[in-house]
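Enquirer: In the working numbering, the protein residues as written are 731 to 957. Virtual Cβ for every residue (Gly too), placed ideally from N, Cα, C. Since the structure is predicted, the reported quantities are computational estimates derived from the model, not experimental observations.
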Amino acid sequence: MSDYPQIYLHGAGLNAQSWGDVNGTALNLPGHGGRRRARKATAECFAEDIAQEVPQGAVLVGHSFGGMVAMAFAAQHPERLRALILVDVPIRAPLKIISWYTPFVAPVVTRVPGMKSIAKVVGSRIENPEGQASFRQHLINGARTGLQDALVASGRFNGQALLSKLTMPVQVIVGARSLLTGEAYRANLRENCSSAEIVELDTGHMVPFDNLSAMETEITRFLEATS
Numbered sequence: 731m732s733d734y735p736q737i738y739l740h741g742a743g744l745n746a747q748s749w750g751d752v753n754g755t756a757l758n759l760p761g762h763g764g765r766r767r768a769r770k771a772t773a774e775c776f777a778e779d780i781a782q783e784v785p786q787g788a789v790l791v792g793h794s795f796g797g798m799v800a801m802a803f804a805a806q807h808p809e810r811l812r813a814l815i816l817v818d819v820p821i822r823a824p825l826k827i828i829s830w831y832t833p834f835v836a837p838v839v840t841r842v843p844g845m846k847s848i849a850k851v852v853g854s855r856i857e858n859p860e861g862q863a864s865f866r867q868h869l870i871n872g873a874r875t876g877l878q879d880a881l882v883a884s885g886r887f888n889g890q891a892l893l894s895k896l897t898m899p900v901q902v903i904v905g906a907r908s909l910l911t912g913e914a915y916r917a918n919l920r921e922n923c924s925s926a927e928i929v930e931l932d933t934g935h936m937v938p939f940d941n942l943s944a945m946e947t948e949i950t951r952f953l954e955a956t957s
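#1: Helix or strand or just coil, what does DSSP make of residue 928?
#2: Measuring only the C-alpha atoms, how far is residue 917 from residue 791?
#3: Provide the residue span of the beta strand (DSSP E) that contains residue 789, from first to last.
#4: CB residue 793 to CB residue 740, shorter than 8 Å?
#5: Under the DSSP definition of a beta bridge, which residues are partnered with residue 888?
#6: Cα separation between residue 731 and residue 841?
#7: Which residue comes first and which comes last in the beta strand (DSSP E) that contains residue 813?
#8: Which word fits residue 897, buried or exposed, when buried means at least 16 other C-beta atoms lie within 10 angstroms of its C-beta?
#9: The beta strand (DSSP E) spanning residue 755 covers which residue range?
#10: For residue 784, which residues in the same chain have their Cβ closer than 6 Å to its Cβ, ignoring the five residues on either side in sequence?
#11: If you run the structure through DSSP and keep just helix, strand and coil, what is residue 856?
#12: Quick check: what's the CA-CA separation for residue 911 versus residue 820?
#13: Suppose only complete runs of 4+ residues qualify. What are the alpha helix (DSSP H) ranges in the segment 745-783, listed by chain order?
#14: For the pair the segment 846-856 and the segment 761-776, tell me if three or more CB-CB distances fall below 8 Å.
#15: Tell me the DSSP secondary structure of residue 915 in three-state form.
#16: Cβ-heavy atom distance between residue 779 and the ligand GDP below 7 Å?
#17: Just mark residue 838 as buried or exposed, buried being the case when its beta carbon has 16 or more other beta carbons within 10 Å.
#18: Let me confirm a value: residue 865 is counted as buried when at least 16 other C-beta atoms fall within 10 Å, else exposed. Which label applies?
#19: Quick one: what does DSSP say residue 731 is sitting in, helix, strand or coil?
#20: Give me, in chain order, the residues of the same chain whose beta-carbon lies closer than 8 Å to that of residue 892; leave out the 5 immediate sequence neighbours on both sides.
#21: Measuring alpha carbon to alpha carbon, tell me which residue in 771, 862, 890 is nearest residue 750.
#22: Is residue 913 buried or exposed, if buried means 16 or more other CB atoms sit within 10 Å of its CB?
Put into structure tokens, the structure is as follows:
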């Protein structure tokens, strides 16, 4: 375990418990896990909301939308982080689905087809049966408004402008079969965040649900190498 406090931020519609057994403290994002909603559906406002719970010298770990929030926090408070770990985090939401992530469409999407159908469809891409069951349970039991806000914030997020502000050690963990972090994504990171370490795991996008132990092993190795 790292000598530095490790803070974990979950993905859209999930909660702190969905991380399972990690080497640190998992937080509930605004609108998730019983926490009040953010004042505005942006990654920056989500980051402001959790700021008091991120201690000085923390290692901030974020998966998917949680990674967008982690990037926003790191850009706002670079001096407060020991390291930033991004787990299959899009720099921007894919253009083919960004039209669904609007304040007008997201509320409809979370009602029809609804949380159970979303959990079934998204969960079907998780390759680990236990992870798939865990994901579906947490999403189905999650707050619809939390998922709605996270989708809207994802659609508004533009991480490209934040890359140059990530002055702390950065590790980027990607899934080999993720549809969100392919070669173009990695080339962009190598050009615009050249100090970042890119690690590929034998998973899809849902890295923590496919192989949490491999993810934690890579994080530990990275922190030891950069200490």
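Expert: So, from the data block:
#1: Here residue 928 corresponds to residue number 198 of the sequence shown, with the count starting at 1. DSSP places residue 928 in strand when its eight states are reduced to three.
#2: In the sequence shown, counting from the first residue as 1, residue 917 sits at position 187. In the sequence shown, counting from the first residue as 1, residue 791 sits at position 61. Taking the straight line from one Cα to the other gives about 22 Å.
#3: Counted from its first residue, the sequence shown places residue 789 at position 59. Residue 789: member of the beta strand (DSSP E) spanning 788-793, first to last residue.
#4: Here residue 793 refers to the residue found at position 63 when the sequence shown is read from its first residue. Here residue 740 refers to the residue found at position 10 when the sequence shown is read from its first residue. Their beta carbons are under 8 Å apart, which means residue 793 touches residue 740 by this criterion.
#5: Numbered from 1 along the sequence shown, position 158 holds the residue referred to as residue 888. By DSSP's assignment, residue 888 forms a beta bridge with 822.
#6: By 1-based counting over the sequence shown, the position of residue 731 is 1. By 1-based counting over the sequence shown, the position of residue 841 is 111. Its pLDDT being 49, under 50, residue 731 is placed unreliably in this model, and the value from its coordinates should be taken loosely. Here the alpha carbons of residue 841 and residue 731 stand approximately 41 Å from one another.
#7: Counting from one through the sequence shown, the residue named residue 813 turns up at place 83. Following the DSSP letters along the chain, one finds residue 813 inside the beta strand (DSSP E) bounded by residues 811-817.
#8: Residue 897 sits at position 167 when you count from the first residue of the sequence shown. By the Cβ neighbour-count rule, residue 897 is exposed, with fewer than 16 other Cβ atoms within 10 Å of its own.
#9: As a first step, residue 755 is located in the sequence shown; it is residue number 25 there, counting from the start. Under the DSSP assignment, residue 755 falls in the beta strand (DSSP E) whose first and last residues are 755-757.
#10: Mapped onto the sequence shown, residue 784 falls at position 54. 737.
#11: Position 126 of the sequence shown, counted from the start, is the residue given in the question as residue 856. Looking at residue 856 - three-state DSSP - the assignment turns out to be coil, as it is neither helix nor strand.
#12: For the purposes of this step, residue 911 is identified with residue 181 of the sequence shown, where counting begins at 1. For the purposes of this step, residue 820 is identified with residue 90 of the sequence shown, where counting begins at 1. When rounded, the distance between both Cα atoms is 7 Å.
#13: 773-780, all fully within the segment 745-783.
#14: Judged by Cβ distances under 8 Å, the segment 846-856 makes no contact with the segment 761-776, as fewer than three pairs qualify.
#15: The sequence position of residue 915 within the sequence shown is 185, counting from 1. The DSSP-derived three-state label of residue 915 is helix.
#16: With respect to the ligand GDP, the structure offers nothing, as it holds no ligand at all.
#17: For the purposes of this step, residue 838 is taken as residue 108 along the sequence shown, with counting starting at 1. Of the other Cβ atoms in all chains shown, fewer than 16 fall within 10 Å of the Cβ of residue 838; this residue is therefore exposed.
#18: For the purposes of this step, residue 865 is taken as residue 135 along the sequence shown, with counting starting at 1. Residue 865 should be labelled buried.
#19: The residue you call residue 731 lines up with position 1 of the sequence shown. The predicted model places residue 731 with a pLDDT of 49, which falls under 50 and marks its position as unreliable; any figure quoted below should be read in that light. Coil at residue 731, not helix or strand.
#20: On the sequence shown, residue 892 is found 162 positions in, with the first residue counted as 1. Its chain contains 801, 802, 804, 805 as the residues whose beta carbon lies nearer than 8 Å to that of residue 892, once the 5 sequence neighbours on both sides are disregarded; these appear in chain order.
#21: If you number the sequence shown from 1, residue 750 lands on position 20. When only C-alpha atoms are compared, the closest one is 862.
#22: As a working mapping, residue 913 is identified with position 183 in the sequence shown. Flag for residue 913 reads exposed.
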